[in-house]
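Here's the structure, in structure tokens; my notes come after.
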Amino acid sequence: MSSKPRNSKTVIKNIRFSHSLLEQITMALEAENSRNFSAWVIDACRLKLSAYQSRKS
């Protein structure tokens, strides 16, 4: 069993990125002067979900 504290508002998911995609994301983060990879990925997911919802309606 894991002894790490659990957070009921978030969940950890593992994801694999191709080297080229990760390099592009890193370059975008640097251009935005940001170091928050998680926030960048979450924002990208929200944009994708928003586009999906727009197409679905």
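Sequence positions in the sequence shown follow the UniProt record's numbering and run 1 to 57.
Just so you know, even glycine gets a beta-carbon here, dropped at the ideal spot from N, CA and C.
Practice task
Can you grab the Cα-Cα spacing for the pair ARG16 / SER57, in whole Å?
Solution key: 31 Å
Exercise for the section: Scan the segment 16-41 and note each continuous alpha helix (DSSP H) run of 4 residues or more that stays entirely inside, going in chain order. Expected result: 19-31
Problem - Rounded distance between the beta-carbons of LEU29 and PHE37, thought under 8 Å - result: 7 Å
Problem - Candidates SER54, ARG55 and VAL41: closest to ILE12 by CA position - result: When only C-alpha atoms are compared, the closest one is VAL41.
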